[in-house]
Amino acid sequence: QLADVFDQIAKGAATSSKGKGTMMIGADTLPVLPTDPGDRNRTSPFAFTGNRFEFRAPGSMQTVNGPMVTINTIMAEALDYMATNLEAAVADGTDFDTAVQNLLTEIITEHGAVVFNGDGYSDNWQIEAEARGLPNLRTTLDALPELISESAMELFEKYKVFNHREMHSRYEIGLEQYALTVFVEARLTLEMGQTSILPAALRYQTELAQNVSALKGAGVDDVDMTALHAVSAPLSELRAALATLKTALEANPGGDALAEATHAKDELLPAMAAVRSAADTLEAMVADDLWPLPTYQEMLYIL
């Protein structure tokens, strides 16, 4: 609905607005269901839903106050810009309605690249965003330096929201929180891998080996060792990944917040991902009665 209005404004003027439609569900026996013209794209971080915007970007551990301060400051700058522009245009003799239309067309033309109505989780959007020249800050550590960028600090100081010192303080706190969170998760990953997943996989490997040995002892010539070989490979990968993760945890640089955060991103996260990859493979192999943790199947379809 809103994207349609944007397109109309960019082409000259908005003369209509999309109304409600009907949902095609492919069953004639069911009643006709109306569809809302607003944005129901749950992958959008900032969706327009008919009469309001929904801000869905903050993570589950975050409070919304920081993002809202930023959005309100951006809104203040935008309103300031538009008011100044319109006042200047009217002072030069331009009709107010014409000035509004010209301003909206200018804004949509210059900033329309940020509007995307497809699947925000897909790789296609990342490719499209790059083609549009939009920044793609993939990790928290990539995004945090934007807090102390020259443009950000000028904006917050201009509207007397934060000064340079307060912005740097938030940057440092962000680094510390990021590093601490990743370190806690890494230690938990190591503990779960060493005390739960690895022992379960070893017990399963032992059962398979004992089964093979028993069959050979009973005189079975053609003993199938496929399962034993299959579980041995990811088990070795898990051992190696846990050793790498332990080394990375012990190598914590300490002291400097940026160094700790960088170590967390470049060393701990890849090591944790390697542990998870091996554990996911083993989860699909190890006997259910030996696996000590809830499986994906149990969490998604059974519980």
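Heads up: the sequence shown begins at 3 in the numbering used here, then just goes up one per residue.
From the three backbone atoms N, C-alpha and C, an ideal C-beta is built for every residue, glycine too.
Since the structure is predicted, the reported quantities are computational estimates derived from the model, not experimental observations.
Whole-angstrom distance between residue j and residue i, CA atom to CA atom
{"i": "ARG55", "j": "PHE48", "result": "Note that residue 55 corresponds to Phe in the displayed sequence, not to Arg. Cα-Cα distance, rounded: 6 Å."}
{"i": "GLU300", "j": "TRP293", "result": "12 Å"}
{"i": "LEU81", "j": "ALA12", "result": "19 Å"}
{"i": "VAL35", "j": "ALA242", "result": "At residue 35 the sequence reads Leu, which differs from the Val that was named. Those two C-alpha atoms are separated by around 55 Å."}
{"i": "ALA261", "j": "LYS218", "result": "56 Å"}
{"i": "LEU210", "j": "HIS170", "result": "57 Å"}
{"i": "GLY61", "j": "HIS166", "result": "26 Å"}
{"i": "ARG172", "j": "PHE164", "result": "10 Å"}
{"i": "GLU89", "j": "ILE109", "result": "16 Å"}
{"i": "THR111", "j": "ALA59", "result": "25 Å"}
{"i": "GLN196", "j": "LEU190", "result": "10 Å"}
{"i": "ASP30", "j": "ASP9", "result": "35 Å"}
{"i": "ALA115", "j": "ALA235", "result": "47 Å"}
{"i": "ASP290", "j": "THR228", "result": "19 Å"}
{"i": "ILE129", "j": "ALA216", "result": "55 Å"}
{"i": "HIS265", "j": "MET84", "result": "44 Å"}
{"i": "GLN212", "j": "PRO69", "result": "58 Å"}
{"i": "ILE76", "j": "LEU136", "result": "18 Å"}
{"i": "ARG134", "j": "ASN67", "result": "30 Å"}
{"i": "ASP282", "j": "ILE304", "result": "18 Å"}
{"i": "GLU156", "j": "GLU168", "result": "13 Å"}
{"i": "GLY14", "j": "GLN103", "result": "8 Å"}
{"i": "ASP99", "j": "SER151", "result": "37 Å"}
{"i": "PHE57", "j": "LEU32", "result": "34 Å"}
{"i": "ASP97", "j": "ASN119", "result": "34 Å"}
{"i": "GLY28", "j": "ALA93", "result": "58 Å"}
Cβ pair residue i, residue j closer than 7 Å
{"i": "LYS267", "j": "THR141", "result": "yes"}
{"i": "ALA203", "j": "LEU284", "result": "yes"}
{"i": "LEU247", "j": "VAL277", "result": "yes"}
{"i": "GLN207", "j": "VAL233", "result": "yes"}
{"i": "LEU251", "j": "ALA181", "result": "no"}
{"i": "ASN87", "j": "LEU106", "result": "no"}
{"i": "ALA280", "j": "LEU240", "result": "yes"}
{"i": "LEU143", "j": "ALA273", "result": "no"}
{"i": "ALA78", "j": "TYR161", "result": "yes"}
Inter-residue CB distance, residue i and residue j (contact presumed, cutoff 8 Å)
{"i": "LEU271", "j": "LEU192", "result": "In fact, because the Cβ distance is near 13 Å, the residues do not count as touching under 8 Å."}
{"i": "LEU230", "j": "VAL214", "result": "6 Å"}
{"i": "LEU177", "j": "ALA259", "result": "4 Å"}
{"i": "THR51", "j": "THR37", "result": "Actually they are not in contact, since the Cβ atoms of THR51 and THR37 sit about 13 Å apart, beyond 8 Å."}
{"i": "THR45", "j": "ASP121", "result": "5 Å"}
{"i": "LEU295", "j": "SER198", "result": "6 Å"}
Which listed residue (the options) has its alpha carbon closest to that of residue i
{"i": "ASN74", "options": "THR86, PHE158 and THR45", "result": "PHE158"}
{"i": "ARG205", "options": "GLN179, MET287 and ILE129", "result": "MET287"}
{"i": "ASN53", "options": "LEU4, PRO137 and ASN254", "result": "LEU4"}
{"i": "VAL117", "options": "VAL186, GLY256, VAL7 and GLN179", "result": "VAL7"}
{"i": "ALA253", "options": "TYR298, THR297, PHE185 and ASP282", "result": "PHE185"}
{"i": "GLN257", "options": "GLU174, THR297 and ALA220", "result": "This sequence places Gly at residue 257; Gln is not what is there. That would be GLU174, whose Cα lies nearest to the Cα of GLY257."}
Buried or exposed (CB count within 10 angstroms, at least 16 for buried), residue i
{"i": "MET63", "result": "exposed"}
{"i": "TYR123", "result": "exposed"}
{"i": "LEU149", "result": "buried"}
{"i": "GLU132", "result": "exposed"}
{"i": "GLU269", "result": "buried"}
{"i": "ALA101", "result": "buried"}
{"i": "HIS113", "result": "exposed"}
{"i": "LEU200", "result": "buried"}
Interface flag, residue i vs chain B, CB-CB below 7 Å
{"i": "PHE48", "result": "Of the protein chains in the structure, only one exists, and it is not chain B."}
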